[in-house]
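Colleague: My structure is below; once you've seen it, I'll send some questions.
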Amino acid sequence: MKGALVGFGRVAQNAHAPALRESPRFAITAATDQSPARLKAAQDCFPGIRTYPTYEALLAAELDLDFVDIATPPFLHGAQVLAALRRGCHVLCEKPLTLNSEEFESIRRQAAAARRTVFTVHNWAYSPQWHKIFECVKTGALGRIVDVDLRVLRTAPAAGVTAGDWRQDIRMAGGGILVDHGWHNLYLIHRLMGDTAHAPELKKLHQSRPGVEDEISLSFKFPSGQAELFLTWRACSRSNWALIRGKRASLELRDNTVLLSPAEGPARIFTFPEKLSAGSAHPQWFKAMLADFPKDAENNLAEASFCLRAISQAYENMATPVAGRS
Numbered sequence: 113m114k115g116a117l118v119g120f121g122r123v124a125q126n127a128h129a130p131a132l133r134e135s136p137r138f139a140i141t142a143a144t145d146q147s148p149a150r151l152k153a154a155q156d157c158f159p160g161i162r163t164y165p166t167y168e169a170l171l172a173a174e175l176d177l178d179f180v181d182i183a184t185p186p187f188l189h190g191a192q193v194l195a196a197l198r199r200g201c202h203v204l205c206e207k208p209l210t211l212n213s214e215e216f217e218s219i220r221r222q223a224a225a226a227r228r229t230v231f232t233v234h235n236w237a238y239s240p241q242w243h244k245i246f247e248c249v250k251t252g253a254l255g256r257i258v259d260v261d262l263r264v265l266r267t268a269p270a271a272g273v274t275a276g277d278w279r280q281d282i283r284m285a286g287g288g289i290l291v292d293h294g295w296h297n298l299y300l301i302h303r304l305m306g307d308t309a310h311a312p313e314l315k316k317l318h319q320s321r322p323g324v325e326d327e328i329s330l331s332f333k334f335p336s337g338q339a340e341l342f343l344t345w346r347a348c349s350r351s352n353w354a355l356i357r358g359k360r361a362s363l364e365l366r367d368n369t370v371l372l373s374p375a376e377g378p379a380r381i382f383t384f385p386e387k388l389s390a391g392s393a394h395p396q397w398f399k400a401m402l403a404d405f406p407k408d409a410e411n412n413l414a415e416a417s418f419c420l421r422a423i424s425q426a427y428e429n430m431a432t433p434v435a436g437r438s
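For the sequence shown, the residue numbers in this note's numbering are 113 to 438.
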């Protein structure tokens with residue numbers, strides 16, 4: 113499949129590019145970025161590719177693309193996804209897919225009409241730790257899951273490679289840590305608990321500036337149980353922790369270990385060479401995820417729908433309304 117990179121920042125260079133280079137299924141033939149320096153970096157990663165200063169110029173010139181890989185700031189995603197679908201391309205897109213419900217429905221309809229896949233980068237689900245967790249769940253080791261508790265601690269937002277901090281610019285990011293790290297954890301919750309008609313309960317909130325939360329705690333109710341989510345950019349150290357309780361056993365994730373504790377019998381511990389919280393690129397997770405692109409469209413889009421709805425409902429519960437969200 114011939115593809116083009118749309119945006120070549122830190123995530124594209126350190127996660128997407130290494131995985132795409134290693135895959136025999138994909139060939140990157142073009143790239144676009146508004147920064148000449150970033151286009152030069154893309155050419156260094158993929159010698160011989162054609163580069164363009166705008167997305168529009170790329171789509172006008174590259175007539176035989178099979179897919180685009182979008183890694184631009186969130187406010188651009190929706191329009192860029194729709195433009196690619198109109199061209200008949202499959203789409204890989206960094207999270208969030210969109211933060212606008214009407215735009216999401218347009219994407220869903222256009223993808224179905226074009227018979228093309230829109231696949232959000234849900235790479236945390238492909239980490240070795242979460243792969244092991246889902247393996248245990250699938251085998252029935254936990255029984256019916258009744259309680260999920262996820263916590264993500266960071267000392268600051270991830271850094272970019274260009275001037276400014278778009279992750280804390282409400283116009284570009286669309287929100288704070290709930291958009292940035294929350295989206296990842298929400299699709300993990302969806303995989304564990306399924307869907308819910310209940311809006312999340314906002315239990316704790318701290319904003320570094322209006323509309324940009326740097327700490328948040330949410331509670332969810334599901335037909336089979338509940339889930340808790342805590343996210344912060346204000347911690348003293350980085351870590352990821354999770355506790356998943358089932359009728360037969362529980363699973364505890366402590367960054368680079370997973371502990372399976374059955375109600376009866378000895379516990380088992382699984383150890384991993386890299387912490388889940390180590391860095392933010394993880395090309396091997398992206399590589400594992402590529403095995404499901406473009407075939408697993410329905411499940412991925414359902415996860416994105418849940419993430420969007422949960423984030424939108426959480427923001428509706430916040431005291432500070434933000435223009436542009438719906």
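From the three backbone atoms N, C-alpha and C, an ideal C-beta is built for every residue, glycine too.
The model shown is predicted, which means the values in this text are computed figures rather than measured ones.
Check Glu410 in the structure and name its three-state DSSP category.
Modeller: helix
Colleague: What's the C-alpha gap between Ser218 and Arg227?
Modeller: 14 Å
Colleague: Could you please give me the residues that DSSP links to Arg321 through a beta bridge?
Modeller: Val324
Colleague: Quick check on Cys248: does DSSP put it in helix, strand or coil?
Modeller: helix
Colleague: Specify the secondary structure class of Ala116 as computed by DSSP and reduced to three states.
Modeller: strand
Colleague: Check Arg220 in the structure and name its three-state DSSP category.
Modeller: Residue state, collapsed to three classes: helix.
Colleague: Quick check on the DSSP output: the alpha helix (DSSP H) that includes Leu262 runs from which residue to which?
Modeller: Counting along the chain, Leu262 sits inside no alpha helix (DSSP H); it lies in the beta strand (DSSP E) bounded by residues 257-265.
Colleague: Would you say Leu211 and Val233 are within 9 Å of each other, going by their C-beta atoms?
Modeller: No, they are not a contact pair.
Colleague: For His310, is the classification buried or exposed, using 16 other Cβ atoms within 10 angstroms of its Cβ as the cut-off for buried?
Modeller: So His310 counts as exposed.
Colleague: Is the distance from the Cβ of Gln155 to the Cβ of Thr166 below 9 Å?
Modeller: no
Colleague: Sorted by chain position, which residues of the same chain lie with C-beta nearer than 6 Å to Ala275's C-beta, five sequence neighbours on each side aside?
Modeller: Model confidence at Ala275 stands at a pLDDT of 49, short of 50, so the residue's coordinates are unreliable; what they give is reported in the following sentence. Counting only Cβ-Cβ distances below 6 Å, and skipping sequence neighbours, we find nothing.
Colleague: Under 6 Å Cβ to Cβ from Trp295, same chain only, skipping five residues before and after it: list those, please.
Modeller: For Trp295, same chain residues with a beta-carbon under 6 Å away, outside a window of 5 residues either side, are Lys207, Pro208, Cys419 in chain order.
Colleague: Which class does Ile182 belong to by DSSP, given the choice of helix, strand or coil?
Modeller: strand
Colleague: Beta-carbon within less than 6 Å of Asp367's beta-carbon, same chain only, minus the 5 sequence neighbours each way: which residues are those?
Modeller: Counting only Cβ-Cβ distances below 6 Å, and skipping sequence neighbours, we find Ser351, Asn352, Lys387, Leu388, Ser389.
Colleague: Do you know how far the Cα of Leu290 is from the Cα of Ile257?
Modeller: 24 Å
Colleague: Thinking just about the alpha-carbon of each residue, which of Leu197, Leu317, Phe138 is nearest to the one in Ser329?
Modeller: Leu317
Colleague: Terminal residues of the continuous beta strand (DSSP E) containing Ala173?
Modeller: Looking at the DSSP string, Ala173 is not in any beta strand (DSSP E); the run it does join, the alpha helix (DSSP H), is 167-173.
Colleague: What is the rounded straight-line gap between the Cα of Phe334 and the Cα of Ser373?
Modeller: 23 Å
Colleague: Following the continuous alpha helix (DSSP H) through Pro130, name the residue where it begins and the one where it ends.
Modeller: 129-134
Colleague: Using the three-state DSSP reduction, which class does Gln146 fall into: helix, strand or coil?
Modeller: Correct three-state label for Gln146: coil.
Colleague: Report all residues from its chain with a CB closer than 6 Å to the CB of Leu343; omit the five preceding and five following residues, and keep chain order.
Modeller: Excluding sequence neighbours, Leu343 sits near Val264, Ile289, His293, Gly294, Ile328.
Colleague: Could you tell me the alpha carbon to alpha carbon distance between Ser331 and Glu340, rounded to whole angstroms?
Modeller: 5 Å
Colleague: Give the DSSP-derived three-state secondary structure of Lys152 in the structure shown.
Modeller: helix
Colleague: In angstroms, rounded to a whole number, what distance separates the CA positions of Asn411 and Lys244?
Modeller: 19 Å
Colleague: Please say whether Asp259 and Leu355 have beta carbons closer to each other than 9 Å?
Modeller: yes
Colleague: Who are the near neighbours of Met401 in its chain, counting only those whose CB is closer than 6 Å to its CB and skipping five residues on each side?
Modeller: Asn235, Tyr238
Colleague: Taking Cβ positions, are Trp345 and Arg266 nearer each other than 9 Å?
Modeller: yes
Colleague: Any C-beta of chain D sitting closer than 9 Å to the C-beta of Thr369?
Modeller: Of the chains in the structure shown, none is chain D; there is only one protein chain.
Colleague: Start and end of the alpha helix (DSSP H) containing Asn368?
Modeller: Premise fails: Asn368 is in no alpha helix (DSSP H) and is neither H nor E.
Colleague: For Gly255, tell me which candidate among Gln125, Pro322, Phe246, Arg360 has the shortest Cα-Cα distance.
Modeller: It is Arg360.
Colleague: From Phe187, Ser147, Ser424, Ala253, pick the residue whose C-alpha is nearest to that of Arg357; which is it?
Modeller: The shortest Cα separation from Arg357 among Phe187, Ser147, Ser424, Ala253 belongs to Ala253.
Colleague: Buried or exposed, going by whether 16 or more other CB atoms sit within 10 Å of the CB of Ile381?
Modeller: Exposed, because fewer than 16 other Cβ atoms sit within 10 Å of the Cβ of Ile381.
Colleague: Could you tell me which of Leu132, Pro378, His202 sits nearest to Asp408, measuring between CA atoms?
Modeller: His202
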